[in-house]
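Each number in our numbering corresponds to the 1-based position in the sequence shown with 21 added.
Beta carbons: idealized from backbone N, C-alpha and C, even for Gly.
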Amino acid sequence: MRISTQQIYDSSITSIQQQASDVMKSQTQIASGRKYQNVSDSPQAVGYGLKLDFDKAQYDMFIINQKKMAERISNADAQLVSINSALAKFKQVVVQSGSAFAQGTLSTTLFQQAASLRDSIKSFAQAKDTSGEAILVNMYDVDDRLGKVAIDLNVTVDEGVSLAESMGIYRTGNESPRVAVNGKTDVLTVLDRIVSELQAGNPPSADDSRDVDLAITQIRGAQVKVGIMNAQVNNALDSVELKKVNAENARSAVLDTDIAESSANLAKSQALLQAAQSIFAKIQSSTLFDKI
């Protein structure tokens, strides 16, 4: 089989075009940092990359939710710690009042201490965060439920701790009458009753002391819930951060340029291009007179 000069010429042109295309492709990959410039370059890889982009965006949303929940939990925990501390001091006042009455030394000082602690607890219960939202969520109907916030693919957490869970009431505490929810102790009603008794010069009863203990237990129960929520958020944070990193790495492996590989391909394509151009130049300069 004879190979004509035209065939060699055409083959050289094709080789130059191919190597030039490969050089440009490698240069573009290195400059842009993207392995594929168009969806048509690799529909499957680009489609998978888009899925990973969506996953990463979803993980970013979870992280935002986690930060929101972490802030609410931190605020609720601080609020409940303050309420619990004030209740413990109120309990001391109740005990001191019983002893003082037995000795005939009950004074208005104890009433003033009790009233001050009650007002502080009421203030803590109604505290709001920096955005003006109630930290202990007010539930205006017994059937209301707190919303859920997604912090991972399969993990949701209550938006916060309700006023009913901690204080045993479903309104702000200023309404009269207040209504206790689900058999819980209405903390503010207990405190108001004891303060009124002290104001009238009467000692707190055994039932009063028991109700204060129940109120303290109720607040601690709310603190336990906050602790569980905090553990959920921390676990989800670790999980989501790892998933986000894995998604970023997977996306990079699929769509981002491997600089070392592209640089090697560029050097190879440039060498082949130069060789093809050299051969083509010799073919162009070769004439029939060169062979005579």
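8 angstroms contact criterion, which residue i and residue j should meet: CB distance rounded
i, j, result
"Ala99", "Ile237", "Rounded, the Cβ-Cβ distance is 17 angstroms, inconsistent with contact."
"Val261", "Gln87", "7 angstroms"
"Ala121", "Leu131", "6 angstroms"
"Leu184", "Arg199", "Not confirmed; about 10 angstroms, so no contact."
"Asn96", "Ile51", "So it is not a contact: roughly 50 angstroms between Cβ atoms."
"Gly168", "Gln239", "Not quite, the Cβ-Cβ distance comes to about 23 angstroms (not below 8 angstroms), so this is no contact."
"Ala123", "Ile215", "Ala123 to Ile215, Cβ: 17 angstroms. No contact."
"Ile34", "Gln298", "Contact doesn't hold; Cβ gap of about 11 angstroms is too wide."
"Phe75", "Ala171", "Incorrect: roughly 15 angstroms between the Cβ atoms, too far for contact."
Outcome for residue i when other beta-carbon atoms lying within 10 angstroms are tallied against a minimum of 16
i, result
"Ile249", "exposed"
"Lys246", "buried"
"Leu212", "buried"
"Ile85", "exposed"
"Leu138", "buried"
"Lys303", "exposed"
"Ala288", "exposed"
"Leu321", "Only positions 22 to 313 of the chain appear in the structure, and residue 321 is not among them; the question remains open."
Given residue i as reference, the closest of the options once Cα atoms are compared
i, options, result
"Val178", "Val254, Arg139, Ala121", "Val254"
"Tyr80", "Asp173, Gly181, Glu92", "Asp173"
"Ala274", "Ser284, Gln295, Val170, Ala66", "Ala66"
"Lys143", "Ile104, Asp234, Ala257, Met45", "Ile104"
is_contact[residue i, chain C] using C-beta, thresh 9 angstroms
i, result
"Asn256", "In summary, chain C is missing from the structure at hand, where a single protein chain is found."
Within 9 angstroms, strictly: CB atoms of residue i and residue j
i, j, result
"Val115", "Asp229", "yes"
"Glu180", "Val202", "no"
"Ala271", "Ser187", "no"
"Lys77", "Glu269", "yes"
"Glu92", "Asp150", "yes"
- What are the uninterrupted segments assigned as beta strand (DSSP E) that are 3 or more residues long and contained completely in the region 151 to 235, given in chain order? 169 to 173, 176 to 179
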